[in-house]
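The block underneath contains the structure these notes are about, expressed in structure tokens.
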Amino acid sequence: MVYATSDGSARQRLRVGMVGGGRNAFIGAVHRLAMRLDDQIALVAGALSSDAENAAASAAEIGIAPERSYADYREMAQTEAARPDGIEAVVIVTPNHLHAPIATAFLEAGIDVICDKPLSTTLTEAEALVALAKAKKRRFVVTLNNTGYAMVRQAREMVAAGELGRIVSVHGSYIQDWLTKPIDAEGQKQAEWRTDPARAGQSAVLADIGVHAFNLASYISGCEAEAVSADLFTAVPGRRLDDNAHVLVRWTGGARGTILASQTSPGHYNDLSVRIYGDRAGLEWSGARPEELRFSIYGEESRTLVRGGHGSTAESQRVSRMPAAHPEGYIEAFANFYRDAADIIRAHRSGGTVDPARAAQVPDVVDGARGVKFVAAAVGSNAAGGAWTAARFG
Numbered sequence: 021m022v023y024a025t026s027d028g029s030a031r032q033r034l035r036v037g038m039v040g041g042g043r044n045a046f047i048g049a050v051h052r053l054a055m056r057l058d059d060q061i062a063l064v065a066g067a068l069s070s071d072a073e074n075a076a077a078s079a080a081e082i083g084i085a086p087e088r089s090y091a092d093y094r095e096m097a098q099t100e101a102a103r104p105d106g107i108e109a110v111v112i113v114t115p116n117h118l119h120a121p122i123a124t125a126f127l128e129a130g131i132d133v134i135c136d137k138p139l140s141t142t143l144t145e146a147e148a149l150v151a152l153a154k155a156k157k158r159r160f161v162v163t164l165n166n167t168g169y170a171m172v173r174q175a176r177e178m179v180a181a182g183e184l185g186r187i188v189s190v191h192g193s194y195i196q197d198w199l200t201k202p203i204d205a206e207g208q209k210q211a212e213w214r215t216d217p218a219r220a221g222q223s224a225v226l227a228d229i230g231v232h233a234f235n236l237a238s239y240i241s242g243c244e245a246e247a248v249s250a251d252l253f254t255a256v257p258g259r260r261l262d263d264n265a266h267v268l269v270r271w272t273g274g275a276r277g278t279i280l281a282s283q284t285s286p287g288h289y290n291d292l293s294v295r296i297y298g299d300r301a302g303l304e305w306s307g308a309r310p311e312e313l314r315f316s317i318y319g320e321e322s323r324t325l326v327r328g329g330h331g332s333t334a335e336s337q338r339v340s341r342m343p344a345a346h347p348e349g350y351i352e353a354f355a356n357f358y359r360d361a362a363d364i365i366r367a368h369r370s371g372g373t374v375d376p377a378r379a380a381q382v383p384d385v386v387d388g389a390r391g392v393k394f395v396a397a398a399v400g401s402n403a404a405g406g407a408w409t410a411a412r413f414g
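Below, the structure written as structure tokens:
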């Protein structure tokens with residue numbers, strides 16, 4: 021399993037297994053597409069379903085050998101850890117409540133982890149995973165994949181370089197409409213588990229999409245949430261968890277802002293955006309136009325910066341595959357996450373040097389725990405009538 025790099029050298033593919041993501045699972049297929057794009061990862065094992073028949077059929081469909089298809093993730097962790105050609109990392113794409121126990125099993129087996137968000141459904145679990153990853157000296161990354169967009173990386177560099185001045189306000193929003201009707205009560209499986217407290221956790225909308233808006237706002241701005249005041253509500257009668265969240269945020273460094281999340285807003289299929297304003301300039305990025313970044317210096321005309329165009333930063337150029345006006349999108353951004361994660365895990369396992377700047381581009385277990393803390397703080401604040409609640413992890 022060797023591939024050729026752009027400089028002509030040969031490099032071993034990272035061997036991974038997947039837990040969850042079997043037939044009819046949306047996000048598992050997306051992960052597989054993303055990890056294949058740069059040919060750096062080989063998916064060689066899986067516990068794709070807890071149902072043995074479905075697990076075997078799903079594995080056969082994507083080319084996993086029968087002897088490396090498992091119906092139990094614990095068996096997979098132990099068996100793969102004992103193989104000389106066993107997996108080096110596991111990709112976890114199950115419902116939320118299973119993230120922590122699965123990650124724990126693989127960390128205990130000495131296997132690095134690539135886990136979907138949210139990291140866990142409770143803060144206690146998140147804290148335990150942070151401690152275990154450190155104790156086992158394992159790399160643990162969390163697929164907050166929107167950080168892989170080239171113009172998101174550019175925005176982060178611009179903020180870090182001081183182009184906005186002192187950061188004054190930071191806003192993130194993620195708005196959808198797919199849960200406007202009670203499809204969760206009508207048997208739609210993706211909706212059903214996301215609105216089930218036993219599987220989704222304390223919040224539906226924040227755990228599903230709000231953490232993406234929160235992470236992206238923090239990632240670009242460099243700010244962490246100090247405290248939140250939240251109003252969570254359910255627009256659809258009978259739904260067991262919230263489907264809308266309005267959260268006021270006090271960020272580190274004195275900035276203020278908001279995180280908005282809704283899955284009952286007709287006309288918004290998948291609307292993720294971040295707006296950051298300083299005392300010199302502001303910038304805005306939207307997932308609907310991911311190759312553009314609106315940059316406004318106070319007193320001057322606003323400019324639209326384009327991926328690959330004039331003024332592209334070094335990091336933006338590094339993660340761009342195509343020239344300007346040759347569109348790149350969601351899968352390419354997800355693939356950027358996987359390419360960086362593979363490089364980091366491979367270097368760590370071989371005893372090589374991991375570039376701290378490169379590693380900082382990829383959300384890790386601590387970033388995942390910050391998201392869990394944010395959700396828990398928002399839920400607690402809402403229960404206390406919107407009282408300001410500490411939200412900083414660690």
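This note's numbering applies: residue 21 is where the sequence shown begins, and numbers increase by one.
The beta-carbon is built from N, C-alpha and C at its ideal position, and this holds for glycine as well.
These numbers were taken from a predicted model, which means no experiment stands behind them.
Which residue's Cα is closest to the Cα of residue i: the options?
i    : options                   : result
G319 : G371, T333, E311 and G302 : G302
K201 : V172, L152 and R259       : R259
A151 : A175, R173, Y169 and A123 : A123
H51  : S370, H368, A353 and A411 : A353
G371 : T99, G388, R158 and P121  : R158
D92  : L143, V39, G48 and I61    : V39
G405 : L252, T215 and A146       : L252
N235 : R176, H288 and A211       : R176
G307 : V188, V248, A146 and L292 : L292
Tell whether a beta-carbon distance below 9 Å holds between residue i and residue j.
i    : j    : result
S223 : T278 : no
D132 : I365 : yes
D105 : R35  : yes
R327 : M178 : no
E244 : S238 : yes
G298 : L127 : no
V267 : A250 : yes
D262 : L226 : yes
F357 : T163 : yes
E311 : E335 : no
G230 : A398 : yes
L63  : V113 : no
D216 : D204 : yes
Taking the DSSP output, what are the residues bridged to residue i?
i    : result
F482 : Here the chain covers residues 21 to 414 and nothing more, so residue 482 does not appear.
R323 : F315
W305 : V294
A62  : R35
L252 : A265
A247 : R270 and A410
A109 : V36 and D132
L280 : S193 and H266
A67  : V39
D384 : V161
Using the rule of at least 16 other Cβ atoms within 10 Å of the residue's Cβ for burial, across every protein chain shown, is residue i buried or exposed?
i    : result
S29  : Residue placement at S29 is flagged as unreliable, the pLDDT there being 41, under the threshold of 50; the coordinate-derived value follows with that caveat. It counts as exposed.
S322 : exposed
H346 : exposed
E304 : buried
R341 : exposed
E108 : buried
N290 : exposed
V22  : Note on V22: pLDDT 46, under 50, position unreliable in the model; the coordinate value appears next. Per the 10 Å Cβ criterion, exposed.
R214 : buried
Check: Which ranges would you report for the beta strand (DSSP E) in the stretch 320-378 if only whole runs of at least 3 residues count?
Finding: 323-326
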